[in-house]
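Letter by letter, the sequence shown follows residues 16 to 379 of the working numbering.
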Amino acid sequence: MKIAILPGDGIGTEIMAEAVKVLNVLDLKLETEQALVGGAAYEAHGHPLPESTLNLAKSADAVLFGAVGDWKYDKLERQLRPEQAILGLRKHLGLFANFRPAICYEQLTHASSLKPELVAGLDILIIRELTGDIYFGQPRGRRVAIDGHFPGAEEAFDTMRYSKPEIERIAHVAFQAARRRNKKVTSVDKANVLETFQFWKDVVTEVHAQYPDVALDHMYVDNAAMQLVKAPKAFDVVVTGNMFGDILSDEAAMLTGSIGMLPSASLDKNNKGLYEPSHGSAPDIAGKGIANPLATILSAAMMLRFSLNQPEAAARIESAVRSVLSAGLRTGDIWSEGTRKVGTREMGDAVVAALVTTTTITKG
Ligand code: IPM
Ligand code: MG
């Protein structure tokens, strides 16, 4: 099994080093190959997603991705900005199904900005469509307006669009995921205003007929944003479009205390995937050795489960993470009174140590 390792920018390299350490201790005969992506690739090769990196990602069984981006690239033309690397990988690898779980670990209930009783035991799954919507819709650009409020003025535009098959396949993913959980899907739309999302709602409703054992409800995105902070535990699986999913998944992440804890998976139709922490490259803390590596370590666990068919190894990593939290180790983002603040490397070492211990117990 070959894994493409793409650390990227900012804290990407630091957190990836810890995840690779964790993978190496598992004894799984994994082959890894590393490549530059994002700003780092732009510096070295003049492009955020060089051919060689894309080819490695295509040829690997799975991709483990750190994070990309830095403010210093904000003035580059759009096609050369680090974010294009992740958008390009999603597009070229056909990664249309993005899983963003928001789980509130028992040990971190007090790290959330919401009252503990609202988030204790929270376990929701946001499924975001990842290769369509206004992110990729054509046409887009700048031009002189020929109509609208100011004809003759300079304007910019993007296109929100979804085809029926695009909605159908993500709806199937959501209903099937719900079957493995609490059998409830909330489809988030803006059908009261947007044609695209009236269509979304209609198609999701049609697909639902094939899943009578799963409950479906529909919610407007503004209401969903509100319900997420009012009664988050009422959700099970949330399925939505690319842009609404981008926004709601950051909101859901904060319910859990820290975005530094959350892994994600982006899958194609054959369950080949790219796995990345939900957080970004955090250039403000890069190089300081204080970033939380747990989201990347947990992304590696998701990779073992979804793409590499190693559910036991995945479960071992997840329980090692839980035991490290129970032992009171915390990076700065999840630290609270009475726990021990550690750096990136110490956190990674602790997970490795917990894994080695459980290995000895199961083998012994
Ligand atoms: C995410 C990020 C990306 C997105 C950016 C970096 C292009 O915010 O993965 O949520 O908007 O999809
Ligand atoms: Mg985002």
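All residues carry an ideal CB built from backbone N, CA and C; glycine is no exception.
Query	Result
Near the ligand MG: residue 148 beta-carbon under 7 Å from a heavy atom	no
Pairwise C-alpha distance: residue 256 and residue 238	15 Å
Exposure of residue 144, with buried meaning 16 or more beta-carbon neighbours within 10 Å	buried
Through-space distance from residue 134 to residue 291, alpha-carbon basis	24 Å
Secondary structure, beta strand (DSSP E): runs of 3+ residues fully inside the segment 300-349	none
Residue burial classification, residue 78 (beta-carbon count within 10 angstroms, cutoff 16)	buried
Helix, strand or coil at residue 179 according to DSSP, with G and I counted as helix	helix
Stretch-stretch touch, CB-based, cutoff 8 Å, three pairs: the segment 317-326 with the segment 351-371	no
Candidates 259, 247, 252, 175: closest to residue 194 by CA position	252
Contact check, residue 345 vs residue 370, beta carbons under 8 Å	no
Simplified DSSP assignment, three categories, for residue 108	coil
For residue 192 and residue 286, the rounded distance between their alpha carbons	13 Å
Identity of the residue in 124, 98, 284, 313 nearest residue 63 by Cα	98
Distance, residue 139 Cα to residue 181 Cα	23 Å
Three CB pairs or more closer than 8 Å across the segment 288-304 and the segment 334-343	no
Which listed residue (354, 317, 273, 359) has its alpha carbon closest to that of residue 120	273
Complete beta strand (DSSP E) runs within the segment 106-189 (minimum length 3 residues, chain order)	112-118, 138-144, 156-159, 169-172
Three-state secondary structure (DSSP) of residue 85	coil
Rounded Cβ spacing between residue 281 and residue 110 (contact assumed at less than 8 Å)	4 Å
The ligand MG heavy atom lying under 7 Å from the CB of residue 261	yes
Length of the line joining the Cα atoms of residue 59 and residue 296	18 Å
Euclidean distance between Cα positions of residue 53 and residue 24	6 Å
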